[in-house]
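In my numbering, each residue's number is its place in the sequence shown (first place is 1) plus 79.
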Amino acid sequence: MTWHIMGAGSMGCLWTAQFLKAGMKPTLLLREQRLHTLQTKDPVLAIEELDGTTHHYPINLESPQSLTTSIEYLLVCTKAQDAEAAVHSVADQLSDQCQILLMQNGLGSQQAIAQHFSSQTVWAASTTEGAWMKDFLHVCHAGHGSTWIGPMGHTPDESTWQGLRSSLEKLPVDIQYTHPIELKLWDKLAVNCAINGLTALYDCKNGELLDTEERRARLAALTEEVTQVRSAAGIPTPGNLLELVKQVCRDTAMNNSSTCMDARQGRKTELTFINGYLIEQAAKLGVKTPANQQLMRELANLGIQ
Ligand code: KPL
């Protein structure tokens, strides 16, 4: 049972390391150009654990072009804006029974992939695992979390569920299966809508969003708009989203959000799939989103997109 993993960032490397720890032999897919610039014939993935120890694992690297076997299980850990192109780049290698597991922030990319790859089984995941990259193929595990997985689109039959479950059962990760996954994806969307853009705007750590009255008010306004859009879309909100957002700020207080890091490094952020997705859905549903729109305008004025 071989997993192919796309995206050599923090989540891609963290999950690759979890497969390696479980004694499985995943293949990490890199861009052809990246693969060619590697200096070594025996690449190693390093993972720094929470207790400070570092483990090194020999790792199988390929590019979509160099692959000779077909893909049965594909984990996509790229940024949201790169996910569709990534799956298309291996479309010819996907077996008919291929299971595609998407692990992106935001919403929009998952639906597009599920729609296009309707003959395969597409799953989406929402995770609270924390990780950051120290160097290329050197990941630091920043915090244990939980991962929820559920199908996008049609409901898979029992043997497909079982196939996915058994392919992941040895991983040293807390995985919960849930259907529909949209509820979890919307919970995460609320967290990302509230935290990611603001941390980029104030160039601060997640926990620092709770430091001033102004920041707390902005967190509340952004979250309230997610609740309104979600409810207009007919997606129930079981708990209090603002409490969830504040809890994530506290749990990840010392972290820099992925968007804050992207902004610092001048990279394109995932905000189009986060606040951008919310604003687009709101417009279709006739819901107003002034706080999210203002945040996007302020970020654009700073050149953060
Ligand atoms: O998902 C995150 C991100 O940084 O993208 C949060 C939950 C905000 C953690 O930093």
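Glycine included, every Cβ here is placed at the ideal spot set by N, Cα and C. Every value quoted in this text rests on a predicted model; they were computed, and no experiment measured them.
Cβ-based burial, residue i [other Cβ within 10 Å; buried from 16]
i: F215; result: exposed
i: Q97; result: buried
i: D341; result: buried
i: A159; result: buried
i: L117; result: exposed
i: R343; result: exposed
i: A204; result: buried
i: C120; result: The identity of residue 120 in the sequence shown is Lys, whereas the question assumes Cys. So K120 counts as exposed.
i: Q199; result: buried
i: T148; result: exposed
Identified DSSP bridge partners for residue i
i: E127; result: T133, C219
i: M212; result: V218
i: P226; result: Correcting the residue type first, residue 226 is Thr in the shown sequence and not Pro. Looking at the DSSP assignment, T226 forms a beta bridge with T206, I254.
i: T200; result: Q178
i: L153; result: H83, I179
i: E141; result: L108
Own chain partners of residue i with C-beta closer than 6 Å, once the 5 adjacent residues on each side are dropped
i: P222; result: First, the residue type needs correcting, since residue 222 is Gly and not Pro in the sequence shown. So the qualifying residues of the chain are G209.
i: Y136; result: L99, L124
i: Q55; result: A query on residue 55 cannot be resolved here, the shown segment of the chain reaching from 80 to 384 and no further.
i: W202; result: L180, I228, P230
i: T106; result: H83, N139, E141
i: E127; result: T133, C219
i: V327; result: V270
Rounded distance between the beta-carbons of residue j and residue i, thought under 8 Å
i: G91; j: C156; result: 4 Å
i: G232; j: S197; result: 7 Å
i: L173; j: I150; result: 5 Å
Residues near residue i by beta carbon distance below 8 Å, same chain, minus five either side
i: P251; result: Q97, K100, A101
Cβ-based neighbour list, residue i, same chain, cut-off 7 Å, excluding 5 preceding and 5 following
i: S225; result: T207, D253, Q255
Three Cβ pairs or more, each shorter than 8 Å: is that satisfied between the stretch 254-262 and the stretch 291-304?
The way I'd put it, the stretch 254-262 doesn't touch the stretch 291-304; fewer than three beta-carbon pairs between them come closer than 8 Å.
Assess, as a yes-or-no matter, whether the stretch 260-280 is touched by the stretch 312-330 under the definition of 3 or more beta carbon pairs within less than 8 Å.
Flag = yes, the stretch 312-330 and the stretch 260-280 touch.
Inspect the CB distances between the stretch 349-369 and the stretch 270-285 and report whether three or more fall short of 8 Å.
The stretch 349-369, when compared against the stretch 270-285, does touch it at the 8 Å Cβ threshold.
So, does the stretch 171-186 touch the stretch 143-157, judging by three or more C-beta pairs under 8 Å?
Taking 8 Å as the limit for Cβ pairs, the verdict is that the stretch 143-157 does touch the stretch 171-186.
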